[in-house]
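These notes are about the structure you will find just below.
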Amino acid sequence: FIPQQSKDGTFYLSAADLSISHIQDLLNQQIIYSLTIAILFLLFIYPIYRVSINSMRNTANDLENEVQKRTLDLKLSEERHKLAMKAANQGWYDLNLNTGKFSVSEGYQQLFGYEPSEFPTTSHEWQKRIHPDDQEAVLKANQLHLETHEPFEMDYRWKTKDDQWIWIHSVGEIVEWDANDRPLRMMGIHTDITERKRNELVLQALAETGTDSDETIFETIVHQLAQSHDMRYVLIASIDQTNPSQANIIAMWSNGELVETSSYSLAGTPCSNVLNSVGDVDFYPNYIQQQFPDDHMLVTMGAESYIGVALLDHNGKPIGLLSMIDDKPMPDHYSSLSLLKSLAVRAGIELERKIANEKLELSSRVFTDTHEGITITDAAGTLIDVNPAFCTITGYDREEVIGKNTSILNSGKHSSHFFENIKKTLSEQGHWQGEIWNRKKNGELFAEILTISSLKNAKGKTLNFIGLFTDITESKQQQQKLELMAHYDTLTQLPNRSLFADRFAQAVAHSRRSESMLAICFLDLDDFKPVNDNYGHDVGDMLLIEVAKRIKATIREEDTVSRQGGDEFA
Numbered sequence: 045f046i047p048q049q050s051k052d053g054t055f056y057l058s059a060a061d062l063s064i065s066h067i068q069d070l071l072n073q074q075i076i077y078s079l080t081i082a083i084l085f086l087l088f089i090y091p092i093y094r095v096s097i098n099s100m101r102n103t104a105n106d107l108e109n110e111v112q113k114r115t116l117d118l119k120l121s122e123e124r125h126k127l128a129m130k131a132a133n134q135g136w137y138d139l140n141l142n143t144g145k146f147s148v149s150e151g152y153q154q155l156f157g158y159e160p161s162e163f164p165t166t167s168h169e170w171q172k173r174i175h176p177d178d179q180e181a182v183l184k185a186n187q188l189h190l191e192t193h194e195p196f197e198m199d200y201r202w203k204t205k206d207d208q209w210i211w212i213h214s215v216g217e218i219v220e221w222d223a224n225d226r227p228l229r230m231m232g233i234h235t236d237i238t239e240r241k242r243n244e245l246v247l248q249a250l251a252e253t254g255t256d257s258d259e260t261i262f263e264t265i266v267h268q269l270a271q272s273h274d275m276r277y278v279l280i281a282s283i284d285q286t287n288p289s290q291a292n293i294i295a296m297w298s299n300g301e302l303v304e305t306s307s308y309s310l311a312g313t314p315c316s317n318v319l320n321s322v323g324d325v326d327f328y329p330n331y332i333q334q335q336f337p338d339d340h341m342l343v344t345m346g347a348e349s350y351i352g353v354a355l356l357d358h359n360g361k362p363i364g365l366l367s368m369i370d371d372k373p374m375p376d377h378y379s380s381l382s383l384l385k386s387l388a389v390r391a392g393i394e395l396e397r398k399i400a401n402e403k404l405e406l407s408s409r410v411f412t413d414t415h416e417g418i419t420i421t422d423a424a425g426t427l428i429d430v431n432p433a434f435c436t437i438t439g440y441d442r443e444e445v446i447g448k449n450t451s452i453l454n455s456g457k458h459s460s461h462f463f464e465n466i467k468k469t470l471s472e473q474g475h476w477q478g479e480i481w482n483r484k485k486n487g488e489l490f491a492e493i494l495t496i497s498s499l500k501n502a503k504g505k506t507l508n509f510i511g512l513f514t515d516i517t518e519s520k521q522q523q524q525k526l527e528l529m530a531h532y533d534t535l536t537q538l539p540n541r542s543l544f545a546d547r548f549a550q551a552v553a554h555s556r557r558s559e560s561m562l563a564i565c566f567l568d569l570d571d572f573k574p575v576n577d578n579y580g581h582d583v584g585d586m587l588l589i590e591v592a593k594r595i596k597a598t599i600r601e602e603d604t605v606s607r608q609g610g611d612e613f614a
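Letter by letter, the sequence shown follows residues 45 to 614 in this note's numbering.
What follows is the structure, encoded as structure tokens:
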């Protein structure tokens, strides 16, 4: 058979009677033809084929890489989404409105203390755990959402697995309807807003106290903190003003009620550490008794954990503390930090005001209740205020002296030089103290110990003078009596032996200076003893008094007569 080609280009075989050599030639030509075709294919077609194959492989690789990249991006996005929801205490739900069953996001159950297998999976079970006071409002809002298709959003309380009430911010929206426009599916997000809600309730309670007394504000703080954080003990204490190693409890919530205030030593207590950690929160999540074995109050409380923050005045100085103590561990304190610090600022302001008010009250009581007279004048000496003791001592009513100069009390016993010296001392030293005689409203003179202090502004200019005085008239009179007893004979009122000796020495010195004569005479009464024996000592005393008068009447004013003792005179 010999391959033949027709006019239309097709090949066919025809039988022929050919020689072996001729057949061999034909075969060689066919081989050459095939090789030529193969070579042409390798030269032209195969490269194109290889390029196409490589291109397809590259495209497949690119597609595979893109799929892997997008899969990884999606996985990262999902992880970020999970982390974001966890950080925000959030979880999503997908509710089938026909069956009442819903599915939730991963980690959603842990928000409420459940394991995934324990979590309620129907809307009916969910509704049973809504707070009784919130159930009606939640159901009404949900029904309104189903009817109006308006987004659902509200806050309500929900009971966790361990029967604790937490606040949930719930938002939801219908995402699927049937052919008759009936809602089939609802999706939404639940956010645990317990901490925010607690803070709001505490701050709202504080706002409602308004301008109530300091005690009411402190009591509100400890009460609200104890309730909102489920704490056994919450207290506010101030540092004792006279004994800084001691704290005075201002308000304390203990086991569900306010208790009587008391004081305690700061040594060896966590409160001492709080006061030394100015501006920071001191936190002990557990084993507080073991860390402070000398704090017997912690033992009495059965304390396990502690958190506290210092209360500061406007200069940043610690003046007290706010602390929460519980009989169970506190695993997480970060959620309480912002509220604690905010309340510490408020409590610090109120405590500083309380301390200032107490000082003012003490000053006021000193001003009104002290037995010493107090005057407040301006720089010119005009009376601005006086206390009740001033009125008692001087006899003036307050209204009579306000606006008057202190000169209305001038006794006239002191020279102008005396008052100039007082002004000079006040100007140089800022205070003066000494004895002065003044005049009462009725004209009676009285002696006083007076202390004057000047009050100056920041530039050193005198604004006021504060006078504090004590009536020493009786003391002066008593002093005069003592001096009289020391130098005069109590019976005859004549100078005694001591005063006579002093005057005699002065007279001798004067006589020598003036070269003049000096005379001295000693005398006694004869038979004085029989008078006492026969008529008694009273008659004897009368006789001595009469003799003293007669002798004194016979001498000059500058002369001295003295009773030396008994019936002896000089």
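Every residue gets a Cβ at the ideal spot worked out from N, C-alpha and C, and that includes glycine.
* To do: Report yes if the C-beta distance between Gly-504 and Ile-420 is below 9 Å; otherwise report no.
  => no
* Could you have a look at Ala-424 and say whether DSSP puts it in helix, strand or coil? => coil
* Buried versus exposed call for Ile-261 [16 or more other C-beta atoms within 10 Å across all chains shown] -> Within 10 angstroms of the beta-carbon of Ile-261 lie 16 or more other beta-carbons, which makes it buried.
* Asked: Should Phe-196 go down as buried or exposed, given a rule of 16 or more other Cβ atoms within 10 Å for buried?
  -> buried
* **Continuous alpha helix (DSSP H) stretch holding Ile-332: start and end** => 332 to 335
* **Val-605 to His-458 span [Cα, whole Å]** => Roughly 33 Å separates the two Cα atoms.
* Between the Cα of Gln-6 and the Cα atoms of Thr-495, Ser-460, Ser-519, which residue gives the shortest distance? -> Nothing can be reported for residue 6, as the shown portion of the chain is limited to 45 through 614.
* Are the beta-carbon atoms of Leu-356 and Ser-282 separated by less than 9 Å? -> no
* To do: Indicate whether Gly-425 and Ser-455 have their beta-carbon atoms separated by less than 9 Å.
  => no
* For Leu-79, count neighbouring Cβ atoms within 10 angstroms of its own Cβ and tell me buried if that reaches 16, exposed if not. => exposed
* To do: Kindly list the residues whose CB is nearer than 6 Å to the CB of Leu-569, restricted to its own chain and excluding five residues on each side of it in sequence; keep chain order.
  => Asp-611
* Own chain partners of Arg-547 with C-beta closer than 6 Å, once the 5 adjacent residues on each side are dropped -> Thr-604
* Cβ-Cβ distance between Ser-28 and Tyr-277 below 9 Å -> Residue 28 lies beyond the stretch modelled for the chain, which goes from 45 to 614, so this question has no answer here.
* To do: Round the Cβ separation of Gly-346 and Asp-326 to the nearest angstrom and send it over; I've been treating them as touching at under 8 Å.
  => Taking a contact as a CB-CB distance under 8 Å, the pair Gly-346 and Asp-326 does not count as one, their CB atoms being some 20 Å apart.
* To do: Report the residue from Leu-366, Ile-83, Ser-349 whose alpha carbon sits nearest the alpha carbon of Lys-372.
  => Ser-349
* Three or more beta-carbon pairs under 8 Å between the segment 428 to 446 and the segment 460 to 471, yes or no? -> no
* **Simplified DSSP assignment, three categories, for Asp-61** => Only weak support exists for where Asp-61 lies, its pLDDT of 49 falling under 50; the coordinates are left without a value.
* **Member of Gly-478, His-273, Gln-285 whose CA lies at the smallest distance from the CA of Lys-403** => Closest by alpha carbon: Gln-285.
* DSSP three-state assignment for Thr-536, whether helix, strand or coil -> Looking at Thr-536 - three-state DSSP - the assignment turns out to be coil, as it is neither helix nor strand.
* Can you tell me the Cα-Cα spacing of Thr-204 and Ile-294, whole angstroms? -> 35 Å
* Consult DSSP for Asn-486 and reduce its assignment to one of helix, strand or coil. => It is coil, neither helix nor strand.
* Just to confirm, are Ile-212 and Met-230 a CB contact at a threshold of 9 Å? -> no
* Asked: Is the beta carbon of His-415 less than 9 Å from the beta carbon of Thr-536?
  -> Their beta carbons are not under 9 Å apart, which means His-415 does not touch Thr-536 by this criterion.
* Asked: According to DSSP, which residues form a beta bridge with His-475?
  -> In DSSP, His-475 forms a bridge with Ser-497.
* Asked: In whole angstroms, what separates the C-alpha of Glu-169 from that of Lys-145?
  -> Rounded to the nearest angstrom, the gap between the Cα atoms of Glu-169 and Lys-145 is 10 Å.
* Asked: How far does the beta strand (DSSP E) with Lys-203 in it reach, from first residue to last?
  -> 196 to 203
* To do: Identify every run of the beta strand (DSSP E) within the segment 159 to 244, keeping only runs that are complete inside it and at least 3 residues long; order them along the chain.
  => 196 to 203, 209 to 221, 227 to 236
* Taking 9 Å as the cut-off, decide whether the C-beta atoms of Asp-339 and Pro-362 are in contact. => no
* To do: Please work out which residues of its chain come closer than 8 Å, Cβ to Cβ, to Gln-268, disregarding the five sequence neighbours upstream and downstream, and give them in chain order.
  => Leu-245, Val-246, Ala-249, Leu-250
* Among the residues of its own chain, which have a CB less than 6 Å from the CB of Gly-417, if the five just before and after it don't count? -> Within its own chain, the residues whose Cβ lies closer than 6 Å to the Cβ of Gly-417, once the five positions on either side in sequence are excluded, are Ala-433, Phe-434, Ile-437, Phe-513, listed in chain order.
* Asked: Can you tell me where the beta strand (DSSP E) with Leu-310 in it begins and where it stops?
  -> It is not in any beta strand (DSSP E) - Leu-310 carries neither H nor E in the DSSP assignment.
* To do: Have a look at Ala-491 and Lys-525 and give me their C-alpha separation to the nearest angstrom.
  => 16 Å
* **Candidates Asn-449, Glu-162, Lys-468, of which the one nearest Trp-476 by Cα** => In terms of CA proximity to Trp-476, Lys-468 leads the group Asn-449, Glu-162, Lys-468.
* Asked: Where does the unbroken alpha helix (DSSP H) through Thr-414 begin, and where does it stop?
  -> From DSSP, Thr-414 is part of no alpha helix (DSSP H); its letter is neither H nor E.
* State the beta-bridge partners of Lys-145 as determined by DSSP. => BP columns for Lys-145 point to Thr-166.
* Asked: Nearest to Glu-252 by CA position, among Ile-393, Gly-392, Thr-264, is which residue?
  -> The residue from Ile-393, Gly-392, Thr-264 with its alpha-carbon nearest to that of Glu-252 is Thr-264.
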